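This report concerns only the one structure given below.
4 protein chains.
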Amino acid sequence: MIIVMRDDASQEEIKQVLARVEELGFTTHPSRGAKKMIIGVIGDLNREELVESLGAYPGIEKLVPILEPYKLAGRTFEEDRSIIEIKDGVCIGGKEILVMAGPCAVESEEQIRLTAESIKAAGATVLRGGAFKPRTSPYSFQGLEEEGLKILRRVANDTGLAVITEVVDPRDVELVGNYTDIYQIGARNMQNFFLLREVGKTNKPVLLKRGLSATYNEFLMAAEYIMAEGNYNVILCERGIRTFETYTRNTLDLVSIPVLRKLSHLPVVIDPSHGTGHWDLVAPAARGAVAMGADGLIIEVHPDPTKAMSDGQQSLKFEKFASLMEELKKLAQAVEREI
Amino acid sequence: MIIVMRDDASQEEIKQVLARVEELGFTTHPSRGAKKMIIGVIGDLNREELVESLGAYPGIEKLVPILEPYKLAGRTFEEDRSIIEIKDGVCIGGKEILVMAGPCAVESEEQIRLTAESIKAAGATVLRGGAFKPRTSPYSFQGLEEEGLKILRRVANDTGLAVITEVVDPRDVELVGNYTDIYQIGARNMQNFFLLREVGKTNKPVLLKRGLSATYNEFLMAAEYIMAEGNYNVILCERGIRTFETYTRNTLDLVSIPVLRKLSHLPVVIDPSHGTGHWDLVAPAARGAVAMGADGLIIEVHPDPTKAMSDGQQSLKFEKFASLMEELKKLAQAVEREI
Amino acid sequence: MIIVMRDDASQEEIKQVLARVEELGFTTHPSRGAKKMIIGVIGDLNREELVESLGAYPGIEKLVPILEPYKLAGRTFEEDRSIIEIKDGVCIGGKEILVMAGPCAVESEEQIRLTAESIKAAGATVLRGGAFKPRTSPYSFQGLEEEGLKILRRVANDTGLAVITEVVDPRDVELVGNYTDIYQIGARNMQNFFLLREVGKTNKPVLLKRGLSATYNEFLMAAEYIMAEGNYNVILCERGIRTFETYTRNTLDLVSIPVLRKLSHLPVVIDPSHGTGHWDLVAPAARGAVAMGADGLIIEVHPDPTKAMSDGQQSLKFEKFASLMEELKKLAQAVEREI
Amino acid sequence: MIIVMRDDASQEEIKQVLARVEELGFTTHPSRGAKKMIIGVIGDLNREELVESLGAYPGIEKLVPILEPYKLAGRTFEEDRSIIEIKDGVCIGGKEILVMAGPCAVESEEQIRLTAESIKAAGATVLRGGAFKPRTSPYSFQGLEEEGLKILRRVANDTGLAVITEVVDPRDVELVGNYTDIYQIGARNMQNFFLLREVGKTNKPVLLKRGLSATYNEFLMAAEYIMAEGNYNVILCERGIRTFETYTRNTLDLVSIPVLRKLSHLPVVIDPSHGTGHWDLVAPAARGAVAMGADGLIIEVHPDPTKAMSDGQQSLKFEKFASLMEELKKLAQAVEREI
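Protein chains in written order, with our numbering: chain A, 352 to 690; chain B, 352 to 690; chain C, 352 to 690; chain D, 352 to 690.
Right under this line is the structure:
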C-alpha cells in the first residue's frame, strides 16, 4: 500500500502515521516527491483493516492499495486454470465449454422432463431450474421448494444430466445439497457472507453470480469467502451489471471474461438470459461469450415461454436453443474450444 | 399496464395477446395510434408475474407499468406520514429528527460506554454499533457477536439510550431481537428476502438500508416484503449509491429524501458516514439532510477513529459530533423541525 | 404518448390537461383504470416538446412515451440494412466486415507509412489517425493538425487505403473534408449539435461514436441530427460506456450490436481499443464483436506502442494485429460474414 | 506517479521501464515489496502523456497517479477561495450566495420582463435564459438566437440584473459576449475543448456545468482548459449526474459541494432544476445546497410553466420561487451565509 500525505501535512502528522504503521507490523518506505510525501508500506497486509484504521489520520490524503485483496482466487495462488469436476467426468475450465440450460423456475415435472430431453439432445450437460425463487415482489410466485428439488433430481437422473439450482438461505444449504450437483448463488446474494460461508463448508461446486453493481475485486473477494472455508470449486458467472441504460435488463459485461481469466484461475460462465433480458438478444450474446473465451454458458429454456411463471421474456424455445447450439459449436471450433 | 405491440404485429399476434391477458383475469382496452396498437390492461394486477408471462409474445414491443408495484409502503395505502415509536416515547417520523450515533463496530465495553455518554450529552437518542459485521474480506474483523450485543444493551440501559444494531443472518433474528430496539438491515442484504421475512414476523422497528444499486422502486419493494409479513414499522435509510465517481465512497442521493417522502409514508433516514466515506464530508452531508426534510440521521462516532477496527476514516470524534449537533439544531429550526 | 394522472387529480385538472393536449393538435383517449386515469395521446407528435410543455401540470404523475423519437435513423424509415459506400467500392453494412486501423494520433509520416503498409497487408481497408486531438488535459499533445491530415491523405493514396479522421470543431469541417473519406465524431462530441449539423450538410460518411453515458435513444437521436440535414451516411460506433467498474477504461457494451441493429438500419462498428483500454483485451473484444454481428471494427495499431504519444497502453503492435486478423477471418466465416 | 510492475516482470522489463522514465526526464525510486516491484516517479509530470506512453510496457501492471492533474484550478495554486465579480459589485464566492433565475428558453420579451421583475423582487441578482438551445431532438425548438440575446440584455439593463446565457458554438463566443455578463457552458459541452478555449480567451466569468458522467477530476480539468488560456473567472456548476435511477431526471450530487470546495478555490453553484427534473423537488434540493455550502444557485422560473417551450416540468412559478427564497434566506443565516 502507498500512503499519500497531504501537501500541508506537518512533520508531527507524518511521524504519527509512520509510528502507527510500524506498530501494525509493517515496514515503511517514506519518500518525498516534488510536492508530497508518500509512504510505501510493505508486509503481509490485510488491506481492508489497515485502510480503515489509517483513514482517520488528518494528515493523510489518500491510501492506494497495490496488492489485490484476494489470495486463493488470484493467479498468484494458482497459475494454471482450475478445472472443476461437476459429476462423472463432466468438467468446467478445460477445452470443453459447459452448457447449462433449463427454465427459470421449476413449475412441474412435465415441464422439466420435456426441457431436459430437449436440451440434452441439443448438447447441454447440466439442467438448471429454480426451486427457491428470490423475487422482487413478495406477491410473486416463490417456487416449489423441496418438491421442485425432487423433480430436478429425478429428471436429471433419468436423462443423465447434472443439476444446478439456487440456494438462497443459509438454513437450506444442506437440504439443497441433497439434490443438486452445483449450488448457484444468485446476484443479490453475492455478498450474503453467511450463505457464502455455508456453501464454503461443503465440497460441491458453487456457481457464484456477480452482483448487479459488484466490481471485479468485490466479485473475487466473494469467491474468496467460499474458498477461505476450504471449498475451492468456485465458478464465476457474469450475468449483467446495472448501468444507466434501461433498454436491456442489464448491461452484459462480456469483457469480464478475459479480465477475470487474467486475474483468476477460476472458470468463467456467462448468463446471456439475465444479462440481456430479451430472448432475441440471447443468441448474439452467447455467440460473443464463446468467441471471447467463456468456459461455460447458462441459458434459460422453456417449453412455452408465453406460459412461463417467470422470465418468459428472456427464455428460448426448444428449437431456438437447438439452433443456437449448432452456431455455438461452429464458433467454439473457430476459437479452438469444444461444445 | 400498457402493452405496446410492434409496428409489424399481425392480427393473429394481437388476438393471442388479448386472449392471454383476459385469461389472466384482466380487462383489455385496445386502441390503435398513428403507428402502433396499444392495449391498456386493467385489473388488480401483480405486475412482475404479468410482465414475465407476457414478455415472450413475439408481437409485443414493450410493456409499460403504470401502477407502482408496492402497496403497503405507498402513499395510497397510508396518506399521513407514519410515526414509529422506537421505545418509551422516542419516535421517528414526526416533527423531531431522530439522531442515531456510535461506532461502526462494538470493540469493547469501554469504547461503547464513552461513546454513549458523549452522544447522549450531544443530543442523540439511539446508540448504534455492529456486533455482526458483514465484511468484504473474509480475513477482516467480523465482530464480537453476542458479546457485542450484551455490551450495547447494558450501556444503553445505563445511559437511557435506545439500541440499533445490524442483523445479517435469518438464523440470528431472535438472538439479536433479545438485545436491540431497532433491527438494521444492511445495504448488501436489502434483497435478502429470507432475512426480510424474518424481521417482518417480529414487531420491532426495522431500519432498512437502500442497496448500492437499488432503484426507489426496488427499495420500496424490499420494505413491502417486511410489511407483507405484518411488521409496518419500517424506516428507510439512504446510505449512498454506486456511481462512476470514486472520490467519495458512494454518491449520497440526498434528493431521495423528498422523493421517498412523496412515494411513501415511511420515515426517511440519511447515513452521511457511509454515504460519503470521509469524516470531513459527514457534517455538510448531515446539514443537507436536515435541510431537505430527513426524519433521522445515523452517524458513525468513535472515541479515537485512528484506532477504530473499521470505518475509522468516516467516523467523527466526540467534539466534532457535538459541534455538528449544534449546527443541526439551528438548521432544524430553520426548516421547522426539532432535534 | 400515455399521460398518467395522479390518483388524487381533480376533475378540473383532468379537464385542463385534455384541453391542452387537444390545443396542441392531438387526439386524446382517456380511460379510467382501477386507480388512475390514463390518457392516450395520438398524433404525429414531437415528443420532447410535448413532454416539456405538459410536465408542469400538477395533476400529472408521469408521461410515458410510446414511439421512438427518431425517424430517419429507425427501422420504420428503412427496413433493409443500409449499405454505405466509403470509396471505390469499399462498403460497410453488407456481408463484408470493414476493418479500420491505425494509431491514435498522427505523429510522423514514417509512423503512418509503416502502419498503413502493415495493416493493409493484414487485411484492413481504412487507415485511422488523429490530427486534431481532444485531450482531457490542456497540457497534453494536441495533434499535428493540417500537417497530420496531409500525411494521412498522402499515405492512404499511396497504399490504396481510405482515411478516417476526427473532426472536433464545426469550423474545421470543410478543412478536414478536403483530406478524409470518413468523418469521425468523437464520444465527447456526440451531442455537440452544431458539429453534427455541419457534417450533416456534407455527403461524406460519418462515424458517430456513442457518448460515454449516452442511452441508445440519445445515440440514435444524435444520428438523427446528422440525417435531418440530408446526410444519411451515418455509421454508429460503440466504444465503451462509463460504469462503476474502473479496472477497464470503459465498459464495452457489446450487446449494443444486436440492439442497434434491431432499432436502426445503420451499420454498427465496435472500437475495442477505447472500449477496454488494455492492449491485451483488444483481441477478445474484437472476436466478440465479430461473433455478435458487428459491421466493422476500428482498432488502434502503432509501430511501437511504448513510444506512442497517446493511447500506447491500448494499441496493438503490427504482429499482434496481423494475428488477430487471422482469428477474425475464421470467426467471420463461422457467422457467415467476411473480412 | 507510482508504477506497479507485474509479479512476473523480468529484470530486463524493469530495466527498460526505468530507462524510459528517466529518458522522459523523471527521477525514479524503485522499491521491492513482498511480492511486487514498485517504482516511484518524481518530477513535474504531465500525467496524461506519461501514462499513455508507459502503458504499453508488458511488464507494467498498473500506473497509479499521485498528483492531481489540474494546477490552476486546484487548492495548491490558490489557497484562499476565489471571489469573482460578475458586474458592478455583484460577486460570487464570498459570504453572499448568488441566485440566478429565469426560464430555460427566451420565448418573448414579455415573458422575460415579467420573470425579471419577479425574481428581482424575490432577491435574485442574475437573469438566466437560453437563446441558443442544444436539444436532444433536431425537431425541437432551437431558440430565438440573437433576438433572444437582445431581449435578455435590454430587460436586464432595465431591471438592474446581470445576465447569464449559454454559448454552444465556438463561432458564437464573440456574439454572445456582446450581450451576456456570464457565459454558460452546458453539460454536454463540458469537454468541447475548442469552445472552452474560446471562452478562455475572454475575461468574462464562465459558469461551467459538470458533464453528465464527468468525474470531479475531469470537471476540474475542463475548468483548467479555460484557465490555461488566461481566464481565471470560472464558476463550477453541479447539475446532476447520470446513474441507474431514472425516477429523477438526474441524480443531483450535492456532496460535490464540499468536495469541490476542498479540491478547488473556485465557486460552486447548484442547479436544482436540471438536477432533479421535477418542480416539486427543486425547493428541497435548493435548501440542501444552501445548507451544504453552495456559493450560488441557478433555478428555472417561468411565468406559466404549463406553456413553457422547454423544461416546464422543472420550472417554478413566481410565487413558489418567492417563497423558496424566503426559506433560503433563513437557512443561509443558519449556516452563516447571506442571500
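Ideal Cβ placement from N, Cα and C applies to all residues, glycine included. Here the structure is a predicted model, which is why all the values come from computation and not from measurement.
Against residue 358 (chain B), what residues of chain C qualify as contacts under a CB-to-CB distance less than 7 angstroms, listed in chain order? Taking the first residue of the second sequence as 1, we reach residue 358 (chain B) at position 7. Here the neighbours are 427.
Closer than 7 angstroms by beta-carbon distance: list the chain B residues that pair up with residue 492 (chain C), in chain order. Translated into positions along the third sequence, residue 492 (chain C) becomes position 141. In chain order: nothing, as chain B lies at least about 26 angstroms away.
Note down, one range per segment and in chain order, each alpha helix (DSSP H) of at least 4 residues found wholly within the region 484-566 of chain B. 497-510, 524-528, 544-551
Presumed contact (8 angstroms Cβ cut-off) between residue 586 (chain D) and residue 559 (chain D), rounded CB distance: For the purposes of this step, residue 586 (chain D) is taken as residue 235 along the fourth sequence, with counting starting at 1. For the purposes of this step, residue 559 (chain D) is taken as residue 208 along the fourth sequence, with counting starting at 1. Yes, residue 586 (chain D) and residue 559 (chain D) are in contact; Cβ-Cβ is about 7 angstroms, under 8 angstroms.
Is the region 577-594 of chain D close to the region 420-427 of chain D, with three or more CB pairs under 8 angstroms? yes
Outcome for residue 376 (chain B) when other beta-carbon atoms lying within 10 angstroms are tallied against a minimum of 16: By one-based count along the second sequence, residue 376 (chain B) stands at place 25. Classification for residue 376 (chain B): exposed.
Going by DSSP, which residues form a beta bridge with residue 588 (chain A)? Residue numbering aside, residue 588 (chain A) sits at position 237 when the first sequence is read from its first letter. Residue 588 (chain A) is bridged to A:560, A:620.
Between the region 590-601 of chain A and chain D, which residues of the former have a C-beta closer than 7 angstroms to a C-beta of the latter? 593, 594, 595, 597
Who pairs with residue 442 (chain C) in a beta bridge, going by DSSP? Translated into the one-based positions of the third sequence, residue 442 (chain C) becomes position 91. Bridge partners of residue 442 (chain C): C:436.
Can you confirm whether residue 663 (chain C), when its beta carbon is compared against all beta carbons of chain B, has any partner nearer than 7 angstroms? Mapped onto the third sequence, residue 663 (chain C) falls at position 312. For residue 663 (chain C), the answer is no, since every Cβ of chain B falls outside 7 angstroms of its Cβ.
Under three-state DSSP, which class holds residue 654 (chain A)? For the purposes of this step, residue 654 (chain A) is taken as residue 303 along the first sequence, with counting starting at 1. DSSP places residue 654 (chain A) in coil when its eight states are reduced to three.
Can you name the start and end residues of the beta strand (DSSP E) that residue 389 (chain C) belongs to? Translated into positions along the third sequence, residue 389 (chain C) becomes position 38. That run of the beta strand (DSSP E) goes 388-393.
Would you say residue 603 (chain D) reaches chain B, if we count a Cβ-Cβ gap shorter than 7 angstroms as a contact? In the fourth sequence, the residue the question calls residue 603 (chain D) occupies position 252. Yes, residue 603 (chain D) lies at the interface with chain B (some Cβ there is under 7 angstroms from its Cβ).
Reducing DSSP to helix, strand and coil, say where residue 357 (chain C) ends up. The count along the third sequence starts at 1 and reaches residue 357 (chain C) at position 6. It is coil, neither helix nor strand.
Along the region 642-657 of chain C, where does the CB come closer than 8 angstroms to a CB of chain A? Name the residues. 642, 643, 644
Considering only DSSP beta bridges, list what residue 476 (chain B) is partnered with. Numbered from 1 along the second sequence, position 125 holds the residue referred to as residue 476 (chain B). Paired residues: none, contrary to the question.
Determine the closest residue to residue 639 (chain D) out of B:418, B:356, B:609, with distance taken between C-alpha atoms. Translated into positions along the fourth sequence, residue 639 (chain D) becomes position 288. For the residues B:418, B:356, B:609, the minimum Cα distance to residue 639 (chain D) belongs to B:609.
Is the CB of residue 411 (chain C) under 7 angstroms away from at least one CB in chain B? Along the third sequence, one-based indexing puts residue 411 (chain C) at 60. Residue 411 (chain C) does not count as touching chain B.
At least one CB of chain C closer than 7 angstroms to the CB of residue 682 (chain A): is that the case? The sequence position of residue 682 (chain A) within the first sequence is 331, counting from 1. Judged by the 7 angstroms Cβ criterion, residue 682 (chain A) is in contact with chain C.
Compare the C-alpha of residue 650 (chain B) against each of B:641, B:658, B:642, B:637 and name the closest. Numbered from 1 along the second sequence, position 299 holds the residue referred to as residue 650 (chain B). Among B:641, B:658, B:642, B:637, the Cα nearest to that of residue 650 (chain B) is on B:637.
Own chain residues within Cβ distance below 8 angstroms of residue 542 (chain C), not counting five before or after: Stepping through the third sequence from its first residue, residue 542 (chain C) is reached at position 191. Closer than 8 angstroms at Cβ, skipping near neighbours: 562, 565, 569, 573.
Local conformation of residue 686 (chain D) per DSSP, three classes: On the fourth sequence, residue 686 (chain D) is found 335 positions in, with the first residue counted as 1. Note: residue 686 (chain D) maps to coil in three-state DSSP.
Out of D:633, D:657, D:567, D:595, which has the shortest C-alpha to C-alpha gap to residue 619 (chain D)? In the fourth sequence, residue 619 (chain D) corresponds to position 268, counting from 1. It is D:567 whose Cα lies nearest to the Cα of residue 619 (chain D).
Suppose you measure from the CA of residue 381 (chain B) to the CA of residue 497 (chain A); what does that come to, to the nearest Å? Sequence index remark: in the second sequence, residue 381 (chain B) carries index 30 (1-based). Sequence index remark: in the first sequence, residue 497 (chain A) carries index 146 (1-based). Computed Cα separation, rounded: 42 angstroms.
Which of helix, strand or coil does DSSP assign to residue 659 (chain D)? Locating residue 659 (chain D) in the fourth sequence gives position 308, counting from the first residue. It is coil, neither helix nor strand.
Candidates A:412, A:530, A:464: which alpha carbon is nearest residue 354 (chain A)'s? In the first sequence, residue 354 (chain A) corresponds to position 3, counting from 1. The residue with the shortest Cα to Cα distance from residue 354 (chain A) is A:412.
Using the three-state DSSP reduction, which class does residue 481 (chain B) fall into: helix, strand or coil? The count along the second sequence starts at 1 and reaches residue 481 (chain B) at position 130. In this structure, residue 481 (chain B) counts as strand in the three-state DSSP scheme.
Below 8 angstroms, how does it come out for the region 649-664 of chain B and the region 622-638 of chain B: are there three or more Cβ pairs, yes or no? yes
Nearest neighbour of residue 504 (chain C), chosen from C:524, C:463, C:370 [CA to CA]: Residue numbering aside, residue 504 (chain C) sits at position 153 when the third sequence is read from its first letter. The shortest C-alpha separation from residue 504 (chain C) is found at C:463.
At the level of alpha carbons, what is the spacing between residue 369 (chain C) and residue 358 (chain C)? In the third sequence, the residue the question calls residue 369 (chain C) occupies position 18. In the third sequence, the residue the question calls residue 358 (chain C) occupies position 7. If you take the alpha carbons of residue 369 (chain C) and residue 358 (chain C), they lie about 16 angstroms apart.
Could you confirm whether any beta carbon from chain A is found closer than 7 angstroms to the beta carbon of residue 353 (chain D)? Looking up residue 353 (chain D) in the fourth sequence gives position 2. Chain A, which has a Cβ nearer than 7 angstroms to the Cβ of residue 353 (chain D), makes this yes.
Suppose contacts are defined by Cβ-Cβ distances below 7 angstroms. Is residue 664 (chain C) in contact with residue 407 (chain D) by that definition? Residue numbering aside, residue 664 (chain C) sits at position 313 when the third sequence is read from its first letter. Residue numbering aside, residue 407 (chain D) sits at position 56 when the fourth sequence is read from its first letter. Yes, they are a contact pair.
Using the three-state DSSP reduction, which class does residue 593 (chain A) fall into: helix, strand or coil? What you label residue 593 (chain A) is simply residue 242 of the first sequence in a count that begins at 1. Correct three-state label for residue 593 (chain A): coil.
For residue 625 (chain A) versus residue 429 (chain A), is the C-beta spacing smaller than 7 angstroms? Along the first sequence, read from residue 1 onward, the residue named residue 625 (chain A) stands at position 274. Along the first sequence, read from residue 1 onward, the residue named residue 429 (chain A) stands at position 78. Cβ distance not < 7 angstroms, so residue 625 (chain A) and residue 429 (chain A) don't count as in contact.
Per DSSP, residue 602 (chain B) is paired with what? As a position in the second sequence, residue 602 (chain B) is number 251, starting the count at 1. DSSP lists B:592 as partners of residue 602 (chain B).
Can you list, in chain order, the residues of the region 612-642 of chain C whose Cβ is nearer than 8 angstroms to any Cβ on chain A? 613, 626, 627, 631, 632, 635, 636, 638, 639, 640, 641, 642
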